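Structure, as structure tokens:
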Amino acid sequence: MTDIEAAIQEAFEHTEYDLGNVAVNRRQVRVPVIQEGADPDALRAVIEEALGADALATVTVTTERIAGEDTVGTVVSFRHRD
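Quick note on numbering: the sequence shown equals residues 0 to 81 in numbering that gives the first Met the number 0.
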């Protein structure tokens, strides 16, 4: 587990949102949130608090199936700046 994954998972432990598996591929980060229709601004705020606002670039929030299951959730994707 990377430091980014650990920081995001720890930040979400104190929220109402349940996470799927956070994935980091080079600088691309994917944060699946199990709840459909989760507030994009709230999700971004939690991630910014965990990593710092300057660490996020090209943030995208989508609704999609989580891990190929029947569960539809909200996914936050972004590029991480070092």
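Glycine residues also receive a C-beta, built at the ideal position from the N, C-alpha and C atoms. Quick caveat, the model's predicted, so the values are computed rather than measured.
| query | Are the Cβ atoms of V28 and L18 separated by less than 8 Å? | reply | Within the sequence shown, the letter at position 29 stands for residue 28. Within the sequence shown, the letter at position 19 stands for residue 18. The answer is no: Cβ separation not under 8 Å.
| said: Is R25 close to chain C? Criterion is C-beta to C-beta, closer than 8 Å. | reply: No chain C appears in the structure shown, which is made up of a single protein chain.
| said: the ligand ZN and A56: does any heavy atom of the ligand fall closer than 7 Å to the residue's C-beta? | reply: By its list of ligands, the structure shown contains no ligand whatsoever, and the ligand ZN lies outside what it can speak to.
| request: Report all residues from its chain with a CB closer than 6 Å to the CB of T59; omit the five preceding and five following residues, and keep chain order. | output: Numbered from 1 along the sequence shown, position 60 holds the residue referred to as residue 59. S76, listed in sequence order.
| message | Please report the straight-line C-alpha distance between E12 and D53, rounded to a whole angstrom. | response | Locating residue 12 in the sequence shown gives position 13, counting from the first residue. Locating residue 53 in the sequence shown gives position 54, counting from the first residue. Distance between the alpha carbons of E12 and D53 is about 22 Å.
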